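The opening residue of the sequence shown carries number 0 in numbering that gives the first Met the number 0; numbering runs sequentially from there.
What follows is a set of notes on a single structure, which appears directly below.
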Amino acid sequence: MCEKRRVVLFIAVSLDGYIATENEQLDWLFEVDGEGDNGISAFYETVDTVLMGRKTYDWVKKETINEGFPYQDKRTFVFTNQFLDGEPSVQRVHEDLDSFVNQLKQESGKNIWLVGGGELVSSFLKADLLDEITVTVAPKLIGKGVRLFPETDSKHNLSLKQVQTFNQFVELHYVVDRL
Numbered sequence: 000m001c002e003k004r005r006v007v008l009f010i011a012v013s014l015d016g017y018i019a020t021e022n023e024q025l026d027w028l029f030e031v032d033g034e035g036d037n038g039i040s041a042f043y044e045t046v047d048t049v050l051m052g053r054k055t056y057d058w059v060k061k062e063t064i065n066e067g068f069p070y071q072d073k074r075t076f077v078f079t080n081q082f083l084d085g086e087p088s089v090q091r092v093h094e095d096l097d098s099f100v101n102q103l104k105q106e107s108g109k110n111i112w113l114v115g116g117g118e119l120v121s122s123f124l125k126a127d128l129l130d131e132i133t134v135t136v137a138p139k140l141i142g143k144g145v146r147l148f149p150e151t152d153s154k155h156n157l158s159l160k161q162v163q164t165f166n167q168f169v170e171l172h173y174v175v176d177r178l
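Quick look at the structure:
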């Protein structure tokens, strides 16, 4: 029997728990002295499917307008009730989160990357659909912004799988324990 695909959150976060500033900027992240691409290429090879919320999708499109959509070589799904325009490799998801993700997990293939944002991450945690969390912590305190984990009633235990450093960044890789 083949191993079930896993949903993995792979994301950078400030030391005080933010993934972006109040105006959804990531400039603070690029001010940190890293090492190479800080592990993103190695991780990218382990996934063949990308999931994100509408705000994250809009941000990625805006920030990569000159380079082209960065996930064209992956199956990409955006969770939104609104119609998507412009990117042929992206599909809209507006059905039940549980059934959609569980169907993806049953398909053969590599792991599934949950890109973000915070609201979608909360929904995945609440529905117990997240299998692994890899956060790359930047030594920055930005004070306000978009939280990685918005307030929620769901509680989860995590087991540390690996710690890796990329100069000033620290990558923490956790497995979500099933209760």
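All C-beta atoms, glycine included, are put in the ideal place defined by N, C-alpha and C.
From a predicted model like this one, the values you see are computed outputs, not experimental measurements.
{"Item": "Entirely enclosed beta strand (DSSP E) segments - the region 48-81, minimum 3 residues", "Value": "74-78"}
{"Item": "Alpha carbon of Ser13 to alpha carbon of Ile141, nearest angstrom", "Value": "7 Å"}
{"Item": "Local conformation of Asn37 per DSSP, three classes", "Value": "coil"}
{"Item": "Pairwise C-alpha distance: Gln105 and Glu2", "Value": "9 Å"}
{"Item": "Rounded C-alpha distance that separates Gly33 from Gln167", "Value": "6 Å"}
{"Item": "For Glu106, three-class secondary structure by DSSP", "Value": "coil"}
{"Item": "C-alpha distance - Lys73 paired with Asn80, whole-angstrom precision", "Value": "22 Å"}
{"Item": "Cβ-based burial, Ala19 [other Cβ within 10 Å; buried from 16]", "Value": "buried"}
{"Item": "Sequence-distant residues of its chain with Cβ nearer than 7 Å to Val175 (five each side left out)", "Value": "Leu129, Asp130, Glu131, Ile132, His155 and Leu157"}
{"Item": "Neighbour-count burial assignment, Val145, 16 or more Cβ in a 10 Å radius", "Value": "buried"}
{"Item": "Glu150 versus Val120: straight-line alpha-carbon distance, rounded", "Value": "11 Å"}
{"Item": "Distance, Val100 Cα to Lys143 Cα", "Value": "31 Å"}
{"Item": "Contact set for Phe42: own chain, Cβ-Cβ below 6 Å, skip 5 residues either direction", "Value": "Phe9"}
{"Item": "Continuous beta strand (DSSP E) assignments of at least 3 residues falling wholly in the region 128-176", "Value": "131-137, 157-165 and 168-175"}
{"Item": "Contacting residues, own chain, Cβ-Cβ under 7 Å from Lys54 (five flanking each side not counted)", "Value": "Gly116"}
{"Item": "Residues bridged to Val9 [DSSP beta-bridge criterion]", "Value": "In the sequence as presented, Val is not what sits at residue 9; that position holds Phe. For Phe9, which the question treats as bridged, DSSP gives the partners Thr133."}
{"Item": "Option in Phe68, Pro138 and Arg5 with minimal Cα separation from Ser204", "Value": "What is shown of the chain runs 0 to 178, which leaves residue 204 out entirely."}
{"Item": "Cβ-Cβ separation, Glu86 to Lys61 (assumed contact under 8 Å), whole Å", "Value": "In fact, because the Cβ distance is near 12 Å, the residues do not count as touching under 8 Å."}
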